[in-house]
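Peer 1: Those protein sequence lines, which keep their order, are chains D and A.
Residues in the first sequence are numbered from 1 upward in steps of one, following the working numbering.
Residues in the second sequence are numbered from 501 upward in steps of one, following the working numbering.
We treat Cβ as the ideally placed atom computed from N, Cα and C, and that holds for glycine.
There are 2 protein chains.
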Amino acid sequence: MLQFFTLDLLPAKNGEEPTMQFLLEVVDILTNYVRKTFDRSTKVLDFHHPHQLLEGMEGFNLELSDQPESLEQILVDCRDTLKYGVRTGHPRFFNQLSTGLDIIGLAGEWLTSTANTNMFTYEIAPVFVLMEQLTLKKMREIIGWPDGEGDGIFSPGGAISNMYSVMTARYKFFPEVKTKGMTAAPRLVLFTSEHSHYSIKKASAALGFGTENLILLSTDERGRVIPADLEAKVIDAKARGCVPMFVNATAGSTVYGAFDPIHEIADICEKYNMWLHVDGAWGGGLLMSRKHRHKLRGVERANSVTWNPHKMMGVPLQCSAILVRERGVLSGCNSMCAGYLFQPDKQYDVSYDTGDKAIQCGRHVDIFKFWLMWKAKGTIGFEHHIDKCLDLSHYLYTKIRDREGYQMVFEGEPQHTNVCFWYLPPGIRDMPDGQERRDRLHKVAPKIKALMMESGTTMVGYQPQGDKVNFFRMVISNPAATRSDIDFLTDEIERLGHDL
Amino acid sequence: MLQFFTLDLLPAKNGEEPTMQFLLEVVDILTNYVRKTFDRSTKVLDFHHPHQLLEGMEGFNLELSDQPESLEQILVDCRDTLKYGVRTGHPRFFNQLSTGLDIIGLAGEWLTSTANTNMFTYEIAPVFVLMEQLTLKKMREIIGWPDGEGDGIFSPGGAISNMYSVMTARYKFFPEVKTKGMTAAPRLVLFTSEHSHYSIKKASAALGFGTENLILLSTDERGRVIPADLEAKVIDAKARGCVPMFVNATAGSTVYGAFDPIHEIADICEKYNMWLHVDGAWGGGLLMSRKHRHKLRGVERANSVTWNPHKMMGVPLQCSAILVRERGVLSGCNSMCAGYLFQPDKQYDVSYDTGDKAIQCGRHVDIFKFWLMWKAKGTIGFEHHIDKCLDLSHYLYTKIRDREGYQMVFEGEPQHTNVCFWYLPPGIRDMPDGQERRDRLHKVAPKIKALMMESGTTMVGYQPQGDKVNFFRMVISNPAATRSDIDFLTDEIERLGHDL
C-alpha cells in the first residue's frame, strides 16, 4: 500500500488489485479490533482529553488538508481512530443502553454500507423495503395488534420515533394542523412521566406545542407514573380550557428502568379520548421474552409504540422503529407526494414506495442488520439474550442490595436491567444524614467514573435524579457480559472509591 | 461454516475462530460485489416485482422464524440480498443524486459500524466528536464565514437538516415558542421556490407552521427564484398581517439543478429581517470547486446552510450537515440538558458533549467516512471529482442539445449536472403540438424506464414538473461514469424508445 493513493483504487484502470488489497488490510484492522473487544485483558478505552487529541498524537493528526494522504497513512488513521475510541462491545462497557458488538449485526452493517442505497423507493431498495415491511409486521404481531395490522417505519433513533408519535397523534385529531399550522388547533397539552426520556420534551418544543404544554406526571418511588395523577391533571387541563391530546407511557425508563402501568393509563386515554403512545425504546425488547413481557401488559392498547432494537436487542446502531396501530395515519400525516421520487406511473406496485411516510427524504437502511440477526438468532435467540441480561442484573441487585457500602436508590427488584445505587466510601458511611453528607456523596460517582475512565478498566453511567444526588445507573444489554464482569465492576468501584 | 450458528461466534468460548472465518466469508461476498459494481458487463439490477420477492426466490426467503438459521444460510441470505438489490455504484446508475461507491468511504463505514458508538457525548465518541467539529469548521470556512465561526451538526439527511434550519430561525426570532408553542408567535410565513425540495414543506407541516403558510415563489424558465416575486410576496404577506420569517434559497434544485440568486435574496432578507437558509443539499458540493463555486455566490450571507456530502461529493449514505452562522442558537433551540447524559461534573471539558444540540438523542456516526475521504482525497480531490462530473454533464448536454429526437426541457447550459430532456420516439416527432402529443409523450419516459429496469442495463430518473409532461432528469455524481457511459445511456434510450 505504500505508494498508493485513493486515485489508484477503483474505478481507476487496474484499480482492482490495490482496491482488494486495501479493503483486506482494513478488514484486518477491524477483525483485530473485534478480537480485542472481547478480550478482557484489553482496556475499554484509552482516555485522552480533547485538547490532547486536538494537538495530535504521534502520527495521528485530525486536521484536513488540501493534498491527499497515502493509503498507508489512511490505514494508520483507521488504526488510531479505533485506538483512541471506546470499545462499546467490551464485556465491561456498561455506560449506555446500547452496548455489545453482535457479529451478525456487524456483518449486516458492512453489507448495508456496501449496498449504499436509500430507503425511499422500492425502485432502488427492493429487498430492504420488503424486509422492513415484514419485520415491522412481525413487531406489530408481537405487540399484539390483530394480524400485525397497522403501520410503521424505521427512524434515526428513539427521539425521532417519539417525535413521530406526537406528530401522528396530532394529525389524527387535528389534521388541519398539517396545512394551517398550530394556530388552527385549540391549546393542546401532552402528558408524560417526570422520569420519561427528554425526547418527548424535545418533540413538544420542535413541533410547536411548547414545553410548557407538556405536563409532567408524578411517579411512585419506583419511577412509575401514578395513574390518578394523570387523571387529575387531565381534568385540571380541561378546566383551564386546554385539550388533552397525547399521553406517553414509558416502558423502561432511562434511569430507573421503570414500566408505567399501561392498562390503567389506557383506561384514562380512552375515557378522555387521548392518543396513547408507549415509549418502549429501552423496554420494548422485553416483548421478546415470555418471562418478562408482562411488564408491558396493555401495550396492545397503545396507538403507537417506539421500540429500539439497537438497545435491548443488541442490534448495532441505529435501529429504531415507530409502530402505529391505525393504518394510513402515518402517511396522511407526512406525505407530500413529491413527483420526482414517487411517480404514480411506475411499472411496479407503488404502494411499496414507502418513503413518503417519513419526515426524512433519504433514509438510511437500518433494517438489514436487524433482519439478518433475526434470521440468525431466531425469535428464540432474542428471548435468550434478554432473559440472560435480566438474570445478570438480578445477580447484581441481590449482590449489592445488602452489601456494606452500597445503598439502593429505590427499594425492590428493578423491573429492567437498570440497577441504581450509591456507593458510599467508608469515610462517609457513618456521617449523619444532612447537607454535608449529600454534598460529599454527590461527588463520589463522578470521581469514581473519572478514575475508571482514566484507568480504562470499565465504564458505567451516573446522574442525579430529582432531589437524589449523583448515583450509579448500571445497565446490562451486552451479551458478552458475565457474572465475573459484574464482580469486576463492583470491585473496581470499591477499589477506586474506597478513599474518597 | 456449515455446522455453525450465531451462538458459536464471539462472545462464545472458542468463538474467535468461527467469528473470523465468518467475517472473512462475508468480506469475500462484499469484495466480489464491489468488483462487479465497477464491471460494465454486469447489470445494474436484476429486477423482480414485490410479489415475486415476497413469494420467495429459490433459497431466499424473507420470512422471519422462531428458530435460528445456520451461518451457511446467513451467507446465502447476504449473497441474495445483494443479488436482488440495485448496484448504486455501477457506472451506469444515474437514478439518484447519490450514486457511486467510494472505496475509502466504504472502508470508513465498515470501521464506523465496527466501532458501533453514538455521537451524543465526547465520553463515548471522543475521536468522532472532534472529527465532526473540525470538519464542520472546515465547511464553514469554505462557505466563507469568518474564521469558520458558527455552529452545525451532522443530521440524518437533507430533509432533517432543512428542518433544523426552520427550527433554528424560529428560535432566533421567537425563542418563546420553545416553551409556549406556536400560539405565542404571530402568524409566521416561510418562503421557498416552487422548484425547491419537498422537505421544506414537510418541515412546515411538522413544526406547526402549516403548509399553507409556506409561500411558493415563482421561478424563471430555468427554475431560479425571481427575487422581485419574493419581495412582492413578502409585502403582500405583511399586508395580510403575517410575519415573514424565513426564506429558503435552493442551491441546486432537485430536478433542474437550478441555483437561486442568493445575493438578491439576501438583500431582501436583510431588508425585511428574515432568516436566509440556503439548501445546498445537492449543490453545496460545488463550493469545493474553484470553477463552479460562483454559482453559490452570496452563500456567506446565509444564516444557515444545508450541505450533503453524500450527494455531489460521493460520500456513502448518510452524510448531511446543517451549518449555522450564529453560535449558540442551535443549542439554544434544542438543548434540554438531560442529566443522565450531559452531566456537568465530568472530568473533561463538557463543551465537547455536543449531543444536546440535536433533536435526536442517539445519533449515528456519519462523520468518519467523510473525514477519511477528505484525508485520502484532499480538498483538491473533491474539486477534481466535482469538475469531472460537471464536465460529463456538459458532454451530455452538448451531445443531445441539437440531436434529432431530443428536446431540452429548458434552454441553455444546465447549472448543475442535471440535464433535463424529452426523448421523442420517431412516431411522435411529427405530430402537431397538442393534447394528444402531450399524452403520448407523457408515457414515453415511464415506458423506457420500465424497460431499462427490466433489462437491467441502466437507470435514470424521470418526472413531470408543473405543466411539463414526464421528462428524463439525468444527473451525474458518480466518479466511475465516463463519456462511454453517457453514450450508452442515450443509445439505450433510443433503442428502448424507438418504437414507442
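Bridge partners for residue 693/A per DSSP, in chain order?
Peer 2: Under DSSP, residue 693/A forms a beta bridge with 717/A.
Peer 1: Assign residue 823/A to one of three DSSP states: helix, strand, or coil.
Peer 2: strand
Peer 1: Just the C-alpha distance for residue 558/A and residue 548/A, rounded to the nearest angstrom, thanks.
Peer 2: 13 angstroms
Peer 1: I'd like to confirm something about residue 520/A: is its beta-carbon nearer than 7 angstroms to some heavy atom of the ligand PLP, or not?
Peer 2: Looking for the ligand PLP in the displayed structure turns up nothing, as the structure carries no ligands at all.
Peer 1: Please work out which residues of its chain come closer than 8 angstroms, Cβ to Cβ, to residue 386/D, disregarding the five sequence neighbours upstream and downstream, and give them in chain order.
Peer 2: 285, 286, 288, 289, 292, 312 and 313
Peer 1: Which residues of chain D have a Cβ atom closer than 9 angstroms to the Cβ of residue 696/A, listed in chain order?
Peer 2: The contacting residues do not exist; residue 696/A stays about 11 angstroms from chain D at best.
Peer 1: Which residue from 608/A, 592/A, 543/A and 525/A puts its Cα closest to that of residue 583/A?
Peer 2: 543/A
Peer 1: Does residue 653/A come within less than 8 angstroms of chain D when only Cβ atoms are used?
Peer 2: no
Peer 1: Pop quiz: residue 607/A and residue 6/D are said to be a contact at Cβ under 8 angstroms. What is the actual Cβ separation, rounded to whole angstroms?
Peer 2: About 10 angstroms separates the two Cβ atoms, so there is no contact after all.
Peer 1: Are the CB atoms of residue 92/D and residue 488/D nearer to each other than 8 angstroms?
Peer 2: yes
Peer 1: Which two residues bound the contiguous alpha helix (DSSP H) that contains residue 670/A?
Peer 2: 658-673
Peer 1: Go through its chain and collect everything with a Cβ distance to residue 781/A's Cβ below 6 angstroms, but skip five positions before and after it.
Peer 2: 658, 806 and 808
Peer 1: Please list the terminal residues of the continuous beta strand (DSSP E) segment that includes residue 435/D.
Peer 2: Taken as a continuous stretch (DSSP letters only), residue 435/D belongs to no beta strand (DSSP E), being part of the alpha helix (DSSP H) at 435-455.
Peer 1: Report back the beta-carbon spacing between residue 840/A and residue 129/D to the nearest angstrom; my notes put them in contact at under 8 angstroms.
Peer 2: Rounded, the Cβ-Cβ distance is 35 angstroms, inconsistent with contact.
Peer 1: What's the C-alpha gap between residue 929/A and residue 338/D?
Peer 2: 29 angstroms
Peer 1: In the DSSP assignment, the alpha helix (DSSP H) including residue 105/D goes from what residue to what residue?
Peer 2: Start and end: 103-115.
Peer 1: Any residues in the region 699-718 of chain A with a beta carbon nearer than 9 angstroms to a beta carbon of chain D? Which ones, in chain order?
Peer 2: 699, 701, 702, 703, 704, 705, 706, 707, 708, 709, 710, 711, 712 and 713
Peer 1: Compute the beta-carbon to beta-carbon distance between residue 644/A and residue 799/A, rounded to the nearest angstrom, for a pair I have assumed lies under 8 angstroms.
Peer 2: 7 angstroms
Peer 1: Would you mind telling me which residues of chain D sit closer than 8 angstroms to residue 849/A, beta carbon to beta carbon, in chain order?
Peer 2: By Cβ distance, chain D contributes 49, 50 and 51.
Peer 1: Which residues in chain D sit within 8 angstroms of residue 1007/A, going by Cβ to Cβ distance?
Peer 2: A query on residue 1007/A cannot be resolved here, the shown segment of chain A reaching from 501 to 1000 and no further.
Peer 1: Residues of chain D with CB under 9 angstroms from residue 604/A, in chain order?
Peer 2: 6, 9, 22, 71 and 74
Peer 1: Quick check: what's the CA-CA separation for residue 486/D versus residue 510/A?
Peer 2: 19 angstroms
Peer 1: I want to see whether chain D comes within less than 8 angstroms of residue 893/A, judged by CB atoms only; does it?
Peer 2: no
Peer 1: Please give the ranges of any alpha helix (DSSP H) in the region 207-295 of chain D, keeping only runs that are unbroken, at least 4 residues long and fully inside the region.
Peer 2: Complete alpha helix (DSSP H) runs here, min 4: 227-239 and 262-272.
Peer 1: Determine whether the Cβ of residue 909/A lies closer than 8 angstroms to any Cβ atom of chain D.
Peer 2: no
Peer 1: Hey, residue 277/D and residue 302/D: beta-carbon distance below 8 angstroms or not?
Peer 2: Residue 277/D places its beta carbon less than 8 angstroms from that of residue 302/D.
Peer 1: Going by beta carbon distance, what residues of the same chain come within less than 7 angstroms of residue 462/D, once the five residues before and after it are set aside?
Peer 2: 445, 446, 449, 470, 471, 472 and 473
Peer 1: Output, in chain order, the set of chain D residues within a Cβ distance shorter than 7 angstroms of residue 775/A.
Peer 2: What residue 775/A touches in chain D: nothing, since even the nearest Cβ is about 16 angstroms away.
Peer 1: Hey, could you find the ends of the alpha helix (DSSP H) residue 28/D is sitting in?
Peer 2: 16-37
Peer 1: Taking all protein chains shown into account, decide if residue 239/D is buried (16 or more other Cβ within 10 angstroms of its Cβ) or exposed.
Peer 2: Counting Cβ neighbours within 10 Å, residue 239/D comes out exposed, since fewer than 16 surround it.
Peer 1: What is the rounded straight-line gap between the Cα of residue 335/D and the Cα of residue 702/A?
Peer 2: 8 angstroms
Peer 1: Under DSSP, the alpha helix (DSSP H) around residue 882/A begins and ends at which residues?
Peer 2: 867-901
Peer 1: Please confirm whether residue 514/A has its beta-carbon closer than 8 angstroms to some beta-carbon of chain D.
Peer 2: no
Peer 1: With C-beta atoms as the reference, is residue 244/D less than 8 angstroms away from residue 251/D?
Peer 2: No; because the gap between Cβ atoms is not below 8 angstroms, this pair is not in contact.
Peer 1: Is residue 599/A closer than 8 angstroms to residue 977/A when the C-beta atoms are compared?
Peer 2: Against a cut-off of 8 angstroms, the Cβ pair of residue 599/A and residue 977/A comes out as a contact.
Peer 1: DSSP on residue 919/A, reduced to helix/strand/coil?
Peer 2: strand
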